[in-house]
Every structure is written in C-alpha cells, then in structure tokens.
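Mapping of the sequence shown onto the UniProt record's numbering: residues 1 to 466, in sequence order. Ideal Cβ positions, reconstructed from N, Cα and C, are used throughout, including at glycine.
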Amino acid sequence: MITPRFTCSQTEESLIISIYCPSVRATDVEIHVDETLVSIHINPYFLRLNFSYPLLEDDTSSAKYDPSSGYLTVTLTKENKGQVFDDLDLLAKLLAPRPSAPRPIIEVVSESAEQSEERTEEDDLVAQTKAMSLEREEILLAAENDWQLPQEALEPQLSTSVQKYYGFLDMHSGYFRHVTHTENEVNELGADAEICTAAERRRKRLQREDKKWDEEHYMADFADDEYIRELLAWRHPHAEYKEGFKYTDEENAVILRLPRKEYLPTPTQTHNLYLTLLTVLFSYAYESRTNQHDPTPESAWTLSILVPAFSALDPPDAPASIADPLVFSTGELAGTFVTSYRRSLAFPLYRSFVLAEACRKDVAQFLSRGKRIVVRCLLEMKKILDHHEVYYVYSKVWLDDFCVWVQAYASEDILVGLGKQVAELKISKSSINWRLEALEAATQEVEDRESDSDDEDSDDSASVLR
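Rendered as structure tokens:
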C-alpha cells in the first residue's frame with residue numbers, strides 16, 4: 001500500500017482530511033472511523049491517522065473526489081463541537097500507531113491444598129493450549145482491524161551473544177558488519193563496531209579524542225581568529241522566531257517516508273534520548289554555523305564526527321538511579337556538552353572554545369522554539385547524510401527514528417525547558433581536560449611580546465629618521 005500525501009485542517013464542527021490520490025475510482029473509497037483512529041483506503045493508497053480526540057462518521061460527514069486535481073476531501077464530524085485538534089501539521093504524530101492498551105494483570109490470591117492437588121498435568125496442558133489460542137486470536141484480530149500487534153517494553157536481559165546493538169533505543173545491528181570494506185572515516189571502533197560493549201565504546205572514544213587533540217592547532221585558531229569572529233556574529237535563521245510555521249512540501253514528503261513505530265522506552269531510556277538529542281543538535285549547530293547554513297562536501301563528515309553516538313556508537317547515558325527521568329540536573333547537562341565541546345576542539349577545521357559556546361547557545365534557541373524547529377534541524381541533517389554513500393547509515397540508525405520520536409512522542413514542555421537550562425549552562429575550560437587556559441595565556445603572551453617588539457622597531461626607525 002502507498003501512503004499518499006495529505007493535509008489536515010479543521011473548523012468548529014469538523015475535521016477535514018485532504019488526500020492526494022490521482023487516477024483512482026471514487027467508488028472504491030473505504031473509510032472507517034474508530035473514535036480517534038481514522039482509516040482511509042482507496043486502492044492503491046492506504047492512510048491510517050490517529051488523532052488526539054474522537055471523531056464521528058455521521059450524516060454531516062462526507063467524502064468528495066475531484067478528478068481534475070486528484071484530491072479526495074474527507075470531512076468528519078467532531079464528537080465534541082468546538083474542540084481544537086492540536087498538532088495537525090505534525091504528520092509523523094498523526095501517522096504514529098495508536099498506543100498499545102495495557103494488558104490486564106490477574107493475580108491469584110490464594111489456592112487451597114485440595115484445589116492444588118486436583119490440578120493435573122492434563123489441566124495444565126489444556127490451559128496452555130487455550131492461552132496460546134487466545135493469544136493467536138488476539139494477534140490475528142489486531143492485524144485484521146488495526147494493522148498493529150501488541151507490544152510491550154522488555155527489561156534488559158542477560159546476553160550471551162557477542163553481537164551488540166546500538167542506535168536509537170539499541171534497536172539496530174549489522175550496519176557496520178563490513179565496515180572495513182568502506183571508506184568510513186568516522187567510525188572509531190574499527191572492525192569491532194558490532195561487538196564492542198558500551199564500556200569499550202566509551203574508552204575508545206576518549207582515546208581517539210585525546211589522540212586527535214592538537215595544541216598547536218588550537219593556539220593557531222586562538223591567535224588568528226578573524227574568521228571565527230565572523231562566524232560568531234552570524235545568526236542562525238532557525239533561531240529567529242517566526243509566526244505561522246509550516247513545513248515545506250519536501251519536508252512533508254520525507255516525513256511520510258519515515259518509519260511508523262510505537263516506541264516503548266523505559267523512563268531511563270527516554271531520559272537518555274533527550275541527552276542524545278542535545279549532542280545531535282550541537283553537531284548540526286556547528287556544521288551550519290561554520291558554513292553559514294550552506295552545506296559543503298565535508299558537511300556529512302562534520303555532522304557525523306561530532307556526535308559520539310554516531311562516531312563511537314556512544315550516546316550519553318543517565319546515572320543508574322535518577323529521581324525523576326524527566327528532570328535534568330545541571331551536572332549531567334554540562335557533562336553532555338563537555339563531550340560535544342571536546343569533539344569540536346579535536347576534529348573539525350575550526351577549533352575554538354568560544355565557537356563551541358556559540359553552538360551551545362544555538363542549541364538552546366532551537367529547543368526554545370519547540371519540536372517543529374527541532375525536527376526541521378533533524379530533517380536538514382538527514383538530507384545531508386542520506387546523500388552520502390557511507391554516512392547514510394547514521395541517518396538510518398538514529399535520525400529516522402529521532403524525527404518520528406520528536407514529532408510524535410517528545411514533550412514540547414520538556415524541550416522548551418531544556419532550552420532554558422542549556423542557555424544558562426556554564427561550561428568551564430578546565431572541564432575539557434586539555435589545558436585550554438594555559439594554552440590561551442601562552443598564546444597571548446607571545447602576541448604581546450611580538451607587539452612590544454614591533455613597537456620598539458617602530459621607535460628605532462623614527463629616531464633614525466630624526
């Protein structure tokens with residue numbers, strides 16, 4: 001089935017779905033409304049949308065097809081007149097599956113000894129058979145009516161396999177199985193990318209950062225900072241507030257091709273996703289600021305190398321025990337940005353602490369604008385990586401799911417709150433562990449001596465002339 005292009009709008013009493021499905025027979029359209037779930041089928045197109053409030057298919061509802069434009073317009077009645085349906089422009093949220101209903105929990109309080117003795121192996125076998133039949137019937141019924149299967153979040157299990165998972169919610173594997181045969185200059189794990197444990201990934205990442213750190217490069221950029229000052233003065237267009245935000249047709253087309261999954265992260269995993277998002281946005285901020293929002297052939301490399309979850313498959317993680325998974329301490333936010341700062345000072349062309357500070361402030365601006373701007377940043381990253389013959393894998397294992405998760409599941413309030421916290425962060429140079437203050441002082445001392453020497457030469461020349 002093909003997912004068609006569509007838009008949604010509303011009036012006081014109705015919700016209107018406009019679907020582009022050219023060259024179809026209007027008599028074949030099938031519309032099913034189940035409270036908040038709307039399914040529309042007109043061969044070869046199928047659209048299933050999950051709204052925040054219930055709808056009705058009554059006498060005032062209608063479906064009209066315009067063969068000249070190719071648009072099918074479906075008008076459905078709101079169950080509660082005057083109710084405002086939010087986020088109709090967030091297509092990934094509308095396309096996301098309906099949340100799975102929790103299964104009932106049955107507890108056996110007590111059982112007498114006689115009843116226990118009467119339970120025979122045959123009874124157990126019959127009970128197991130019935131349970132399997134009911135479960136199979138439930139799955140088939142779900143697949144027939146809603147095209148969704150029951151899902152539940154599983155607790156981490158002891159793994160005896162050397163294969164390790166990575167990416168968004170550790171859902172991916174196999175993308176780096178043949179990494180030695182590709183020109184992946186980002187991968188810091190080498191041929192062991194598929195089998196490295198989390199601790200090994202972090203150790204290799206830190207070793208790689210320390211090895212790539214170049215004191216002379218940093219001092220040179222600190223001394224000759226004319227171009228960096230130009231970069232600092234530049235304003236990112238996404239940091240400016242604009243009324244009437246609207247995704248472009250190209251952006252909506254990409255969103256329609258994103259995976260449609262129901263994500264069931266644990267509270268700790270959700271906490272870690274927000275932290276990882278900060279590092280991804282920092283990479284985007286650095287890349288777009290250093291080329292002033294005009295991507296270059298090096299953009300895919302820059303975007304990938306600056307994200308530890310890409311280059312070393314090492315996303316930030318929260319402490320083992322956190323009081324509230326939706327509350328972020330200043331310490332862990334600072335620690336997350338220290339990693340991004342280190343990478344921006346060790347790998348790309350321009351290595352400047354004040355430039356890293358400007359990128360952090362950009363991240364704060366993106367977050368303060370809400371999920372729509374955040375998704376636009378992610379879509380721009382995805383477009384760059386998707387067109388690279390090697391680094392597209394980072395789009396597959398991270399950005400595709402991140403675009404859906406931010407639109408459909410991330411909290412607008414949490415994103416805005418994170419923006420305020422990030423804006424107020426204070427990152428010390430000493431936390432980078434690379435003697436930045438000493439290097440800057442030494443560079444400044446050399447410049448001062450050269451300046452004094454130039455002044456003395458100038459005075460000597462003037463005395464000779466006299």
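C-alpha gap between residue i and residue j, whole angstroms
i    : j    : result
E440 : Y341 : 16 angstroms
I19  : L47  : 9 angstroms
H238 : R369 : 8 angstroms
L227 : L303 : Note on residue identity: the sequence assigns Tyr, not Leu, to residue 227. Going from the Cα of Y227 to the Cα of L303 covers about 20 angstroms.
H32  : L379 : 32 angstroms
T330 : K212 : 28 angstroms
G335 : R203 : 16 angstroms
T296 : Y274 : 28 angstroms
A442 : S352 : 16 angstroms
Y166 : S68  : 48 angstroms
F176 : K64  : 49 angstroms
R257 : R5   : 10 angstroms
D146 : R208 : Its pLDDT being 49, under 50, D146 is placed unreliably in this model, and the coordinates cannot settle the point.
Y247 : F337 : 29 angstroms
Residue i - DSSP class collapsed to helix/strand/coil
i           : result
H217        : helix
D34         : strand
S110        : Because the pLDDT of S110 is 48, which lies under 50, any placement of that residue in the model is unreliable, and the number read from its coordinates should be weighed accordingly. Here S110 sits in coil by DSSP.
N80         : coil
Y166        : strand
T7          : strand
T182        : coil
A153        : Low confidence applies to A153: its pLDDT is 46, below 50, so where it sits in the model is not reliable, and the reading given next is rough at best. If DSSP states are grouped into helix, strand and coil, A153 belongs with coil.
K426        : coil
S304        : helix
H41         : strand
residue 487 : This structure gives no information on residue 487, because the portion of the chain shown stretches from 1 to 466.
Y71         : strand
F366        : helix
R260        : coil
Among the options, the one whose alpha carbon lies nearest that of residue i
i    : options                : result
Y284 : K383, D89, E216, I427  : K383
I42  : S52, L72, S451, E57    : L72
L264 : T276, L169, R343       : L169
K78  : P99, L55, A92, S311    : L55
A410 : A233, K371, S428       : K371
V24  : I2, S52, I414          : I2
H236 : N433, R289, D192, E445 : R289
V186 : V422, V406, W405, L385 : L385
I414 : E447, D314, D58, F328  : F328
F366 : E445, L281, L313, S395 : L281
D400 : M171, S39, P99, D28    : M171
D86  : W405, Q10, F337, T75   : Q10
L355 : Q83, S173, F222, K64   : F222
D58  : L15, L95, F51, A96     : L15
T279 : T268, R360, E298       : R360
T270 : A233, F402, M381, V374 : F402
Residue i classed as buried or exposed, judged by whether at least 16 other C-beta atoms fall within 10 angstroms
i           : result
S451        : exposed
I17         : buried
H293        : exposed
Q163        : exposed
A432        : Here the sequence assigns Ile to residue 432, which means Ala is not the residue at that position. Buried, because 16 or more other Cβ atoms sit within 10 Å of the Cβ of I432.
E188        : buried
R343        : buried
residue 549 : The chain is shown from 1 up to 466; residue 549 falls before or after that span and cannot be answered.
R449        : exposed
F51         : buried
L141        : Summary for L141: the model assigns pLDDT 48, below 50, so the residue's position carries little reliability, and this model does not support an answer.
N272        : buried
A346        : buried
G419        : buried
F310        : buried
Exercise. Mind pulling the alpha helix (DSSP H) runs of 4 or more residues that sit fully within the stretch 365-445?
Worked result: 371-386, 400-408, 412-424
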